[in-house]
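For the sequence shown, the positions run 28 to 476 when this note's numbering is used.
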Amino acid sequence: MVAQCDKKTFKAQLVAIGCTYEPWIALLEQTGWKTHCCYDLRTADAILEEYSPCICIVDLSNNDFSLNSISLRANKTKQVKWIAVIKKEQLDMDAICQFINNYCVDYFSIPIPSTHLLETVGHQLGMLEIEANSWIEIDAQQDIGLFGESKSIKHLKDMVRRVAMTDVNVFISGEQGTGKELIANSIHSLSKRRNEGFNIINCASLTEDDEKIAFLDPESKHVTEHTIKEGTVLLNGVEELSKSLQQNLLAYLQQPTKDTLDDTRECDVRVIACSSANLEQAILNETFSKELYYRLNVFHISVPTLRERGADIIALAEYFLQKYSREYNTIATQYNEEAKQLLLRYNWPGNVRELINQIKRVSLLTDGNEVGVEHFDLPKKINMKQSLRNIKDEAEKDVLVAVLETHRGQVASAAKDLGVSRATMYRLLNKHNIVPDVRYYNGSNYAQD
């Protein structure tokens, strides 16, 4: 039986990339589907952005597109179900099979069986509707840790949204002041544990007999009213855990999950760890457990620095100015152009935390409604030589990341594409603290300290 698209609350959208207007497209439209055919990938990007959730059928039978380009788009799209159209003999090609396996919910070899296709897209439409009910829009949470529209923040929002709906362990890395704690709180508030506690533990001040962390000792029976028994635990500065607590935490993480028959745990918490330190170096120095690192680092989130967020700097500054002007009962409401240029040129070594402190200052010092450079406690003249070097470094870093994404974290092929030796490639990666470990590679989710 052909699935009809009579859903009133969920639009039946289908994007066809590289497909001619064939009978099966006409049949889809007759059953209620709205189809969008395109042959240019940039046009496809815009259509997928506008019409998702949707089904996307891509015709690979004529080799009109770079498979790598299609893979990159399939990897970054959200709420899009991909279906490939191929020639039967293309199943002998490893690249085609890998693409279908990694990104597609189904495939069809030409000639396309229309009835089977209609049944498939109808079913996938239903799956999209189910997913849409649980797909939480982070913007609605008004979480300042995810405030902004820069490319890096959009990617961060997507990662947080995806991992929040699971119960896997998360490791958050980033410089001091980037908002790692806020990101952890966002993950918790979007998870199924949102109605349970969000507990922050400062690992540097943790003692072995702390009652809160009885969950770190699987053999402990010392469970009190102060013990964390459920919810989410953020281990802040996880590199500061003592060797014995590292072993206890590892033992806890190695226990069976709560839905197994042999579950005997009195405590059930989700662990999120964060650090500004280089844990891989700590492993080499034998101050941090390698096994624990891999248990914690199931899903790695690298929080971008403020200087990587471009126009978000002005948006954040304006947000905080409104916030603290209300809080301090002052009348400052806007920045003059010179002040905006200062905000954009400054390197922000203290990241968002430093920006907040500066905005608190100007909110208190500004007598009128306009903030000028004289109200900031920042260098008024930026070292232009240093600024140009920063711009060059950021551009170089962006190119490295983009090429690694294209080659799925493979250093050798990325170096060949750039026309440099592997030794030079590794030198550049080390310079920018980029760790292209394919074990953690997930699209643009490259490992970066």
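For glycine and all other residues, C-beta sits at the position ideal for the given N, C-alpha and C. Bear in mind the structure is a predicted one, so any value in this text is a computation, not a measurement.
Buried or exposed: where does residue i fall if 16 or more other Cβ atoms within 10 Å of its Cβ makes it buried?
| i | result |
| --- | --- |
| Leu42 | Before going on, a small fix: residue 42 reads as Val here, not Leu. Buried: at least 16 other Cβ atoms inside 10 Å. |
| Ala73 | exposed |
| Asp121 | exposed |
| Ser329 | buried |
| Glu266 | buried |
| Gly204 | buried |
| Thr251 | Annotation note: pLDDT 48 at Thr251 (below 50); position unreliable, coordinate value reported separately. Thr251 is exposed by the Cβ-count criterion. |
| Ser316 | buried |
| Lys458 | exposed |
| Ala191 | buried |
| Leu311 | exposed |
| Glu365 | exposed |
| Cys157 | The amino acid occupying residue 157 in the given sequence is Ile; Cys does not appear at that position. That one is exposed. |
| Asn222 | exposed |
| Arg449 | exposed |
| Asn212 | buried |
| Ala71 | buried |
If contacts are defined as beta-carbon pairs under 8 Å, then residue i and residue j qualify, I think. What distance do you get, rounded to the angstrom?
| i | j | result |
| --- | --- | --- |
| Leu261 | Cys301 | 7 Å |
| Ala338 | Leu370 | Incorrect: roughly 11 Å between the Cβ atoms, too far for contact. |
| Lys367 | Ile341 | 6 Å |
| Asn226 | Arg322 | That pair is no contact at about 19 Å. |
| Ser98 | Tyr130 | 7 Å |
| Leu299 | Ile228 | For the sequence presented, residue 299 should be read as Ile rather than Leu. Rounded, the Cβ-Cβ distance is 10 Å, inconsistent with contact. |
| Leu391 | Thr357 | 7 Å |
| Leu145 | Phe135 | About 11 Å separates the two Cβ atoms, so there is no contact after all. |
| Ile123 | Leu68 | That pair is no contact at about 18 Å. |
| Val296 | Gly258 | 6 Å |
| Cys81 | Gln40 | 4 Å |
I need the straight-line Cα distance from residue i to residue j, nearest angstrom please.
| i | j | result |
| --- | --- | --- |
| Tyr453 | Asn128 | 30 Å |
| Tyr362 | Gly399 | 6 Å |
| Leu118 | Asn460 | 39 Å |
| Asp425 | Trp375 | 19 Å |
| Phe18 | Ile44 | Given that the chain is displayed from residue 28 to residue 476, the structure contains no residue 18 and the question cannot be resolved. |
| Thr142 | Asp133 | 14 Å |
| Lys38 | Leu55 | 13 Å |
| His150 | Ile84 | 14 Å |
| Gly153 | Met186 | 24 Å |
| Glu176 | Leu183 | 10 Å |
| Ile180 | Pro406 | 27 Å |
| Glu381 | Ser352 | 17 Å |
| Phe198 | Gly206 | 14 Å |
| Val112 | Gln57 | 21 Å |
| Val428 | Val148 | 35 Å |
| Glu49 | Ala422 | 44 Å |
| Leu325 | Asp194 | It is Val, not Leu, that sits at residue 325 in the sequence shown. Approximately 10 Å, taken between the alpha carbons. |
| Val379 | Arg336 | 10 Å |
| His327 | Ala441 | 22 Å |
| Ser303 | Tyr355 | 32 Å |
| Asp91 | Ser218 | 41 Å |
| Thr451 | Gly395 | 53 Å |
| Asp286 | Gln273 | A caution first: Asp286 carries a pLDDT of 46, below 50, which makes its placement in the model unreliable, though a value can still be read off. Looking at the two C-alpha atoms, the distance is approximately 25 Å. |
| Trp60 | Tyr78 | 12 Å |
| Leu75 | Thr104 | 8 Å |
| Phe347 | Ile383 | 7 Å |
| Leu445 | Glu307 | 27 Å |
| Glu401 | Gly201 | 31 Å |
How is the alpha helix (DSSP H) around residue i delimited, first residue to last?
| i | result |
| --- | --- |
| Arg297 | Not the alpha helix (DSSP H): Arg297 falls in the beta strand (DSSP E), residues Asp295 to Ser302. |
| Glu364 | Glu364 to Arg372 |
| Lys387 | Asn378 to Leu392 |
| Asn212 | Lys207 to Ser216 |
| Phe92 | Neither: Phe92 is in no alpha helix (DSSP H) and is coded neither H nor E. |
| Ile74 | Leu68 to Tyr78 |
| Cys230 | Neither: Cys230 is in no alpha helix (DSSP H) and is coded neither H nor E. |
| Phe347 | Asp339 to Tyr355 |
| Leu183 | Lys178 to Ala191 |
| Leu55 | Pro50 to Gln57 |
| Leu173 | No alpha helix (DSSP H) contains Leu173, which DSSP labels as neither H nor E. |
| Gln282 | Here Gln282 belongs to no alpha helix (DSSP H), and DSSP marks it neither H nor E. |
| Leu323 | Lys317 to Leu323 |
| Val438 | Val438 to Leu445 |
Among all the DSSP beta bridges, which residues are the ones paired with residue i?
| i | result |
| --- | --- |
| Ser136 | Ile113 |
| Ser200 | Ser302 and Ser329 |
| Gly258 | Val296 |
| His63 | Val42 |
| Phe225 | Thr259 |
| Lys108 | Ile82 |
| Val398 | Tyr362 |
| Cys131 | Trp109 |
How far does the beta strand (DSSP E) with residue i in it reach, from first residue to last?
| i | result |
| --- | --- |
| Ser329 | Phe326 to Ser329 |
| Asp86 | Cys81 to Asp86 |
Taking 6 Å as the line, does the beta carbon of residue i fall inside it for any heavy atom of the ligand GDP?
| i | result |
| --- | --- |
| Thr62 | Ligands in the displayed structure: none, and consequently the ligand GDP is not present. |
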